[in-house]
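Numbering (the numbering used here), first residue to last: 6 to 235. Heads up: the structure comes next, in structure tokens.
Pasting the structure below:
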């Protein structure tokens, strides 16, 4: 399986909020997994990409609105209403960013947990026991990542892939620890959870969905490597 990644804006730089989308080529998985399982993994991968792009767009709109707000002088009466509108737009953009981040977290958490179940079942020879993917609340992953996305065991010949998988999983665990310490884990549970508070009330971290998305993608890459070796 070939997985290419690129920043959602098409720029290799960017700040810590830059999300990443992945080009998925699932040829190696064709025939190696039940059609329904492979289709769900591919569907979740594309859905995660879509959510990453939506978050990226909202974040850029937020930057633009804050830039417009900072350009409106405080002490100039001629800017009174332009500043009022700029402030309203900035608050709206922030709310949209947070809701898109929570939506991204929801699909990325579902992707990561389902990919984890699939690869665990493959290694145990119990693939038929894998259930249909169901939406997973990010807060459940953040509350107990060791249970929701347990460490995976891969054959010795896949040590390079295993190292990347372990690093990506550690990134999720680090983000989960930070979210728990700030008491924000329920705020990642989709758009409605993020909307039920004032914009900016709690600082949500993009590391949560971006880390989960990267981890899920690497698990699918590992599945592709296993399929190619069989």
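Each residue gets a CB set at the ideal place from its N, CA and C atoms; glycine is no exception.
Quick one: using the 10 Å Cβ neighbour count with 16 as the cut-off for buried, is residue i buried or exposed?
i           : result
residue 165 : exposed
residue 136 : exposed
residue 133 : exposed
residue 150 : buried
residue 34  : buried
residue 231 : buried
Between residue i and the rest of its own chain, which residues show a CB-CB distance below 6 angstroms, the 5 nearest in sequence each way excluded?
i           : result
residue 60  : 24, 105, 106 and 109
residue 117 : 154, 217, 220 and 221
residue 66  : 98
residue 53  : 112, 113, 116 and 218
Between the Cα of residue i and the Cα atoms of the options, which residue gives the shortest distance?
i           : options             : result
residue 4   : 29, 133 and 119     : Only positions 6 to 235 of the chain appear in this structure, which leaves residue 4 out of reach.
residue 156 : 168, 148 and 29     : 168
residue 194 : 43, 127 and 144     : 144
residue 174 : 214, 38, 56 and 88  : 214
residue 122 : 224, 182 and 230    : 224
residue 189 : 36, 146, 84 and 130 : 146
residue 126 : 27, 39, 26 and 28   : 39
residue 58  : 27, 74 and 84       : 27
residue 96  : 185, 71 and 187     : 71
Does DSSP classify residue i as helix, strand or coil?
i           : result
residue 209 : coil
residue 26  : strand
residue 158 : coil
residue 36  : coil
residue 196 : helix
residue 201 : coil
residue 222 : helix
residue 130 : coil
residue 140 : coil
residue 135 : coil
Looking at the unbroken alpha helix (DSSP H) that takes in residue i, where does it start and where does it end?
i           : result
residue 178 : 164 to 187
residue 146 : 143 to 148
Between which residues of its own chain and residue i is the CB-CB distance below 8 angstroms, once the five residues before and five after are set aside?
i           : result
residue 101 : 63, 66 and 67
residue 227 : 124, 157, 159, 163, 166, 167 and 170
residue 51  : 29
Near residue i, what residues of its chain come up, given a Cβ to Cβ distance below 7 angstroms and the 5 sequence neighbours on each side ignored?
i           : result
residue 22  : Residue placement at residue 22 is poorly supported in this model, since its pLDDT is 49, which falls under 50; the coordinates still yield a value, given next. Around residue 22: 64 and 211.
residue 138 : 45, 49, 115 and 119
residue 182 : none
Could one say the Cβ of residue i lies closer than 9 angstroms to chain C's Cβ atoms, at least one of them?
i           : result
residue 180 : Considering every chain present, this structure includes no chain C. It has just one protein chain.
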